[in-house]
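Trainee: Have a look at this one before I ask anything.
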Amino acid sequence: MKLYPYITAFSLSAILACNTIPVSANSTETPIVLGYTLYGTSAESLKVTQPVMNQVSTDNFFFYADGTVEGDVPNEVLSYSQKNKIKSYAALSNFNNDTNYFDSELAHNVLSDSGKREKLINQIYNVVIECRYDGVNIDLESINPEDRDLLTLFVKETSKKFHSSGHTVMVSVPAKSEDDRENTWTWPFDYVQLGKNADFLQVMTYDEHGTWSEPGSTISKPWLEENLNYTTRVVDNKKIIMGIPAYGNDWDLSDERNSKMLAWKDINELIQQTKAKPRRDAASGSMMFTYMDKNNHKHEVWYEDETSIKQKTHYTITKNLAGVSVYAIEQENKQFWTAVSSGLK
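Counted from 1, the sequence shown has number 100 at position 100 by the UniProt record's numbering; the numbering is strictly sequential.
In structure tokens:
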């Protein structure tokens, strides 16, 4: 990953080399359809999302323990977005490239120090201004439970800074069906207070199951509805953006080390190669199949097909939400976006 430190507002233009074409008017279409780009996502891949996707969050920025922001500006993606009236967010995370995971101590070190918080807020703000983003997407995960109030304070301070210039603040939060102190993964996220301060909560209604767990649906209907029922009770519906995964999971039942995520666009090829016979799980609404690999290991695969994507996206309409988000661009294809579009009708 090519990294550039963001030091001061005066160094941004030289370091970032952001395109400075005029920003088109923000899309006023409803509902919001947000897509996530990752490091290296090409502007060409955004064409597949059109005309369905109207907002994009570029997952390119992180920070160090002193509050310094680093990342790689996706100039081509931003240029395409601006020309096509796609609202853009700079996603800021506590992802640690050394451990390949979200760093709770890194977040604590910055959130607990007012000077570091201010530095972090100012630096990501400078990125947004210099690169002509429409706002910031705060994506802090694996937060220490005792840092709940500090996270809320950080979002409040960030919102004050960004709102002063008319920019948007979106916060990514794990899905939850109750505010349970015993659930250390979700407790740090105070939906009520975050919803008051941020413009949007991007609720990650995916990863109900993953390669770290037993096999199962990534986003079952009962789980999705349970989480959205709670969220809409405590947060304004029009601040809520639900999530749809553009991936499935493949569990090696003999050796969990071989379990992996599957890009949505690659699943049909795996079905053809293995001559598997997918079936719909009635309880979750998701698809699943099994196959044997060359080592005679049995695999179990769970994923969403076009039908379930349409059905689950439709919760955006039935729950009167602000919109839906997709993680992530380049893992899907045109058929995926057609299903999302159908679900919004």
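Beta carbons: idealized from backbone N, C-alpha and C, even for Gly.
#1: Beta-carbon within less than 7 Å of residue 232's beta-carbon, same chain only, minus the 5 sequence neighbours each way: which residues are those?
#2: Using CA atoms only, rank isn't needed, just tell me which of 151, 187, 244 and 34 is closest to residue 86.
#3: Using a Cβ-Cβ cut-off of 6 Å (strictly less than) and excluding sequence neighbours within five positions of residue 325, which residues of its own chain qualify?
#4: Enumerate, from N- to C-terminal direction, the unbroken alpha helix (DSSP H) stretches of 4 or more residues contained entirely within the region 120-192.
#5: Could you work out which residue in 329, 56 and 112 is closest to residue 65 when comparing CA atoms only?
#6: Rounded to whole angstroms, what's the CA-CA distance from residue 276 to residue 43? Just pull it up for me.
#7: Ordered along the chain, which non-local residues of its own chain (more than five positions away) have a Cβ less than 8 Å from that of residue 28?
#8: Only counting runs of 3 or more residues, tell me where the beta strand (DSSP E) segments fall wholly within the region 268-344, in order along the chain.
#9: With a Cβ-Cβ cutoff of 7 Å, do residue 300 and residue 251 count as a contact?
#10: Looking only at its chain, what residues have a beta carbon closer than 6 Å to the beta carbon of residue 103, apart from the 5 residues adjacent to it on each side?
#11: How would you call residue 208, buried or exposed, if buried means at least 16 neighbouring beta carbons within 10 angstroms?
#12: Bridge partners of residue 251, per DSSP?
#13: I'd like the ranges of any alpha helix (DSSP H) spanning at least 4 consecutive residues and lying wholly in the region 70-122.
#14: Which residue marks the beginning of the beta strand (DSSP E) containing residue 232, and which one marks its end?
#15: Could you check which residue in 220, 255 and 334 has the C-alpha nearest to that of residue 284?
#16: Check the DSSP bridge columns for residue 238 and list the partner residues they point to.
#17: Return the chain-ordered list of same chain residues with a C-beta closer than 7 Å to the C-beta of residue 128, the five sequence neighbours on each side being excluded.
#18: Within 10 angstroms of the Cβ of residue 236, are there 16 or more other Cβ atoms? Answer buried if so, exposed if not.
#19: What do you get for residue 170, buried or exposed, if any count of 16 or more other CB atoms within 10 angstroms of its CB means buried?
#20: Spatial neighbours of residue 80 within its chain, please: C-beta separation below 7 Å, excluding the five flanking residues on both sides.
#21: Within the continuous beta strand (DSSP E) that includes residue 263, where are the two ends?
Mentor: From the atom records:
#1: 240 and 319
#2: 34
#3: Within the same chain, and ignoring the five residues on either side of residue 325 in sequence, the residues whose Cβ sits closer than 6 Å to its Cβ are 34, 202, 241 and 243.
#4: 148-163
#5: Nearest option by C-alpha distance: 112.
#6: The C-alpha of residue 43 is placed about 34 Å away from the C-alpha of residue 276.
#7: Caution applies to residue 28, whose pLDDT of 45 falls short of 50 and renders its modelled position unreliable; the model cannot decide the point.
#8: Complete beta strand (DSSP E) runs here, min 3: 287-292, 298-303 and 323-327.
#9: Result yes, Cβ atoms of residue 300 and residue 251 sit closer than 7 Å.
#10: 94 and 96
#11: buried
#12: 300
#13: 75-83 and 104-111
#14: No beta strand (DSSP E) holds residue 232; the alpha helix (DSSP H) holding it covers 221-234.
#15: Nearest of 220, 255 and 334 to residue 284, Cα basis: 220.
#16: According to DSSP, which records beta bridges pairwise, residue 238 is partnered with nothing at all.
#17: If the five residues before and after residue 128 are omitted, its C-beta is found closer than 7 Å to the C-beta atoms of 90, 135, 136 and 167, all from its own chain and listed in chain order.
#18: exposed
#19: buried
#20: Within the same chain, and ignoring the five residues on either side of residue 80 in sequence, the residues whose Cβ sits closer than 7 Å to its Cβ are 43 and 46.
#21: 260-263
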